[in-house]
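Residue numbers (this note's numbering): 95 to 723.
See below for the structure under consideration.
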């Protein structure tokens with residue numbers, strides 16, 4: 095998956111352009127230095143994103159820095175109760191490997207579960223289990239291009255549990271034993287993991303990544319590494335990477351959960367203050383630059399994928415910037431422009447006979463060094479030509495003519511509703527989710543804001559945003575001359591012969607030369623339901639169910655209303671209407687699943703799916719139809 099510099103959680107697009115990428119980067123972060131370590135490389139950040147920014151961070155966060163350069167962020171949070179999320183963020187990943195280390199960052203991640211100063215080989219998992227933690231569910235790690243992150247979800251915020259959890263993280267940071275016997279034992283697991291990832295989807299995703307980012311380290315530094323390096327890796331090779339990048343001034347500890355902040359800070363300082371760097375830091379990578387001109391074509395046949403995938407995108411080089419209100423305003427314009435085009439693509443997908451399925455639009459920053467934008471869709475193999483033409487036309491219409499005021503009003507309403515929901519549900523946010531989002535933002539050099547701050551920042555920006563500004567937001571994403579055209583997956587019959595890339599290029603060029611008709615919008619209608627009743631209904635019977643703290647109210651016609659108050663999700667109400675006998679009445683097995691899709695995509699009563707979504711824009715109402723057992 096891809097992590098780009100983004101708007102707040104509430105405004106993040108649920109679309110993924112580049113598969114199989116887990117990346118959050120802060121390669122160059124301008125900030126005040128901690129200490130006087132002269133060998134600290136320029137790619138290691140030493141300060142906080144809000145230092146030097148006109149944005150102030152969430153006031154509930156406690157930021158700190160030790161004398162050795164290690165930084166930490168603490169936040170008290172009550173959900174889930176009696177749980178504390180501990181994260182160790184190492185600002186280094188596969189991009190920081192040398193040619194002979196390809197795969198070492200991920201290999202090292204595995205090794206730190208196999209023996210540290212306080213937890214010899216075979217004892218760490220036993221310790222987790224002894225305090226009620228599950229390996230995988232409550233403790234895990236991941237390695238991406240620019241980061242390696244270790245996480246624990248402790249079963250308690252008691253001082254003794256916190257102290258032990260922080261001891262584990264400190265061991266990950268500088269206590270890895272990296273014994274040769276354990277390196278050899280883990281090798282088979284690493285190689286098996288690499289082979290298990292060799293699926294059709296994985297192969298396509300990796301090839302798309304190499305294609306889109308040709309000329310950069312992103313194309314060459316798959317975090318899983320190479321077979322050659324993994325087969326030959328030894329303790330010395332792992333140690334070299336460990337000592338270069340696992341250094342206090344390159345580490346951030348994030349603690350979020352049901353705990354006392356002051357006490358936790360004291361324990362953290364006790365555990366991490368003694369840590370020291372083992373030597374000079376590694377050499378910062380030159381990430382490289384993508385091409386800037388021409389039309390590039392990727393044809394990647396993978397019959398096992400089960401569908402034909404189309405992508406039309408662009409990638410341009412950008413210079414990393416300090417987070418600011420102006421920068422966030424620009425990102426908002428990009429986001430709104432992308433959302434406007436995405437709504438149009440969804441309309442095209444729902445048209446009768448449309449070749450498009452699973453379509454989406456995405457755009458933003460990747461690794462702080464690249465700006466991307468793209469349209470993707472799945473099609474039947476025999477309809478790839480029509481599908482590519484539809485994507486090209488939709489993009490050309492949007493870039494040439496822009497959008498309508500009605501379209502902008504809808505998107506503004508959707509985004510305001512998302513911001514409002516984030517504020518209303520802030521008290522029920524999950525600690526692990528908060529911690530992950532903090533790391534994402536810190537590694538992307540973004541100032542972490544509270545939901546209320548996001549509303550205060552983006553709400554007025556949305557109100558003041560003009561249609562011209564929103565149109566420019568999309569055009570800025572596509573301003574570069576570079577275009578990538580991709581056809582992947584199940585081989586279309588007419589591409590099975592010679593020179594498929596040239597066939598695709600010729601089709602793209604022909605479509606680009608054709609006149610483009612204006613966009614024809616679907617008629618907008620007012621929401622025709624739920625008029626205010628003329629009089630109150632008749633209650634037949636009422637009953638309190640004290641054992642489950644619920645209440646039943648019966649109305650004429652056999653209608654029963656069941657209500658129960660919960661504190662699971664703040665400021666949210668779930669309403670479920672049950673009727674019929676569900677799948678028990680299926681005339682043929684599987685028709686219930688078909689009915690779910692048909693109802694969901696067809697709309698309801700007087701409204702099409704598109705009209706229903708437009709009518710509900712500006713609310714946090716979500717509608718689903720399911721056939722029960």
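Ideal Cβ positions, reconstructed from N, Cα and C, are used throughout, including at glycine.
ask   = Rounded to whole angstroms, how far is the Cβ of residue 178 from the Cβ of residue 349, which I believe are closer than 8 Å?
value = Here residue 178 corresponds to residue number 84 of the chain shown, with the count starting at 1. Here residue 349 corresponds to residue number 255 of the chain shown, with the count starting at 1. Contact flag correct, Cβ pair sits at about 7 Å.
inquiry  = I'd like to know if the segment 307-315 and the segment 188-205 are in contact, where contact means that at least 3 CB-CB pairs between them fall below 8 Å.
reply    = yes
message = Within 10 Å of its beta-carbon, does residue 112 have 16 or more other beta-carbons around it, so buried, or fewer, so exposed?
response = Counting from 1 along the chain shown, the entry for residue 112 is found at position 18. At residue 112 the pLDDT is 32, less than 50, meaning the model places this residue with poor confidence; the figure from the coordinates comes in the next sentence. That one is buried.
inquiry  = Taking the alpha carbon of residue 611 as the reference point, which residue from 487, 570, 326, 302 has its own alpha carbon closest?
reply    = On the chain shown, position 517 is the one that residue 611 refers to. It is 487 whose Cα lies nearest to the Cα of residue 611.
query = Going along the chain, which unbroken runs of the alpha helix (DSSP H) with 4 or more residues stay wholly within the segment 155-233?
reply = 198-205, 218-224
query = Grouping DSSP H, G and I as helix and E and B as strand, with all else coil, what is residue 149?
reply = To locate residue 149, count along the chain shown from 1; it is residue 55. Coil, per DSSP.
message = Would you say residue 652 lies against chain C (beta-carbon separation less than 7 Å)?
response = The structure shown contains no chain C; it is built from a single protein chain.
ask   = Going by alpha carbons, who is nearest to residue 387 out of 411, 381, 394, 373?
value = Position 293 of the chain shown, counted from the start, is the residue given in the question as residue 387. When each option's Cα is compared against that of residue 387, the closest is 411.
inquiry  = Looking at residue 181: is its Cβ nearer than 7 Å to the Cβ of residue 234?
reply    = Position 87 of the chain shown, counted from the first residue, corresponds to residue 181. Position 140 of the chain shown, counted from the first residue, corresponds to residue 234. No, Cβ-Cβ distance for residue 181 and residue 234 is not below 7 Å.
inquiry  = For residue 229, count the other beta carbons within 10 Å of its own beta carbon; 16 or more makes it buried, fewer makes it exposed. Which is it?
reply    = Numbered from its first residue, the chain shown carries residue 229 at position 135. That one is exposed.
task = Closer than 7 Å by C-beta to residue 595: which residues in its own chain qualify, once you throw out the five before and the five after it? Chain order, please.
result = In the chain shown, residue 595 corresponds to position 501, counting from 1. For residue 595, where only same-chain residues beyond five positions count, the Cβ hits under 7 Å are 391, 393.
query = Counting Cβ pairs, one atom from each stretch, are 3 or more of them under 8 Å apart for the segment 209-222 and the segment 283-293?
reply = no
query = Terminal residues of the continuous alpha helix (DSSP H) containing residue 519?
reply = Along the chain shown, read from residue 1 onward, the residue named residue 519 stands at position 425. Run containing residue 519: none; DSSP gives neither H nor E here.
ask   = In whole angstroms, what is the alpha-carbon distance linking residue 568 and residue 439?
value = To locate residue 568, count along the chain shown from 1; it is residue 474. To locate residue 439, count along the chain shown from 1; it is residue 345. Taking the straight line joining both Cα atoms gives about 14 Å.
request  = Per DSSP, which residues does residue 385 bridge with? Please list them.
outcome  = Indexing the chain shown from 1 puts residue 385 at position 291. In DSSP, residue 385 forms no bridge with anything.
key: Separation of residue 377 from residue 204, as counted between CA atoms   = By 1-based counting over the chain shown, the position of residue 204 is 110. By 1-based counting over the chain shown, the position of residue 377 is 283. Cα to Cα, the separation comes out at about 23 Å.
task = Please go through the same chain and pick out, in chain order, the residues whose beta-carbon is closer than 7 Å to the beta-carbon of residue 417, but skip the five residues on each side of it.
result = One-based indexing of the chain shown puts residue 417 at position 323. Excluding residues within five positions, the ones whose Cβ falls inside 7 Å are 143, 147, 149, 539, 540, 541.
key: Three-way DSSP call (helix, strand, coil) for residue 315 in this model   = Sequence index remark: in the chain shown, residue 315 carries index 221 (1-based). In the structure shown, residue 315 sits in coil (DSSP, three-state: anything other than H, G, I, E or B).
ask   = Below 7 Å between beta carbons: does that hold for residue 404 and residue 511?
value = Taking the chain shown and counting its residues from 1, one reaches residue 404 at position 310. Taking the chain shown and counting its residues from 1, one reaches residue 511 at position 417. Not closer than 7 Å, so no.
inquiry  = Quick check on residue 411: does DSSP put it in helix, strand or coil?
reply    = Start at 1 with the first residue of the chain shown, and residue 411 comes out as number 317. Three-state result, residue 411: strand.
ask   = Using CA coordinates, which residue listed in 397, 445, 165, 441 is at the minimum distance from residue 365?
value = Counted from its first residue, the chain shown places residue 365 at position 271. Ranking 397, 445, 165, 441 by Cα distance to residue 365 puts 165 first.
ask   = How would you write the range of the beta strand (DSSP E) that residue 540 sits in, first residue to last?
value = Position 446 of the chain shown holds residue 540. No beta strand (DSSP E) holds residue 540; DSSP gives it neither H nor E.
key: In DSSP terms, what residue 348 is bridged to   = Counting from 1 along the chain shown, the entry for residue 348 is found at position 254. 167, 181.
query = To the nearest angstrom, how far is it from the Cα of residue 468 to the Cα of residue 497?
reply = The residue labelled residue 468 in the question sits at position 374 within the chain shown. The residue labelled residue 497 in the question sits at position 403 within the chain shown. Approximately 18 Å between the Cα atoms of the pair.
ask   = Where do the N-terminal and C-terminal ends of the beta strand (DSSP E) with residue 580 fall, by residue?
value = On the chain shown, position 486 is the one that residue 580 refers to. Start and end: 577-583.
key: Three-state secondary structure (DSSP) of residue 466   = For the purposes of this step, residue 466 is taken as residue 372 along the chain shown, with counting starting at 1. DSSP places residue 466 in strand when its eight states are reduced to three.
task = Could you say which of 327, 237, 263 lies nearest to residue 280 if we only look at CA atoms?
result = Numbered from its first residue, the chain shown carries residue 280 at position 186. Of the listed residues, the one whose Cα sits closest to residue 280 is 327.
query = Nearest to residue 544 by CA position, among 193, 138, 137, 154, is which residue?
reply = If you number the chain shown from 1, residue 544 lands on position 450. The candidate whose alpha carbon is nearest that of residue 544 is 154.
message = If you reduce the DSSP assignment to three classes, tell me which class residue 611 lands in.
response = In the chain shown, residue 611 corresponds to position 517, counting from 1. DSSP places residue 611 in coil when its eight states are reduced to three.
request  = Look at residue 382 and residue 309 and say whether their C-beta atoms are less than 7 Å apart.
outcome  = On the chain shown, position 288 is the one that residue 382 refers to. On the chain shown, position 215 is the one that residue 309 refers to. Result yes, Cβ atoms of residue 382 and residue 309 sit closer than 7 Å.
inquiry  = Between which residues of its own chain and residue 586 is the CB-CB distance below 7 Å, once the five residues before and five after are set aside?
reply    = Locating residue 586 in the chain shown gives position 492, counting from the first residue. Excluding residues within five positions, the ones whose Cβ falls inside 7 Å are 402, 475, 476, 478.
task = Using a threshold of 7 Å, state whether the C-beta atoms of residue 237 and residue 200 are closer than that.
result = Walking along the chain shown from the start, residue 237 turns up at place 143. Walking along the chain shown from the start, residue 200 turns up at place 106. Result yes, Cβ atoms of residue 237 and residue 200 sit closer than 7 Å.
message = As a quick exercise: from 138, 152, 137, pick the residue whose alpha carbon is nearest that of residue 531.
response = Taking the first residue of the chain shown as position 1, residue 531 is located at position 437. For the residues 138, 152, 137, the minimum Cα distance to residue 531 belongs to 152.
ask   = Skipping 5 residues on each side, what residues in its chain have a beta carbon closer than 6 Å to that of residue 128?
value = As a position in the chain shown, residue 128 is number 34, starting the count at 1. Residue placement at residue 128 is poorly supported in this model, since its pLDDT is 34, which falls under 50; the coordinates still yield a value, given next. 140, 159, 163, listed in sequence order.
ask   = When the Cα of residue 211 is compared with those of 268, 241, 183, which residue comes out closest?
value = For the purposes of this step, residue 211 is identified with residue 117 of the chain shown, where counting begins at 1. The option with the nearest alpha carbon to residue 211 is 268.
key: beta strand (DSSP E) segment containing residue 454, residue limits   = As a first step, residue 454 is located in the chain shown; it is residue number 360 there, counting from the start. 451-460 is the span of the beta strand (DSSP E), which, as asked, contains residue 454.
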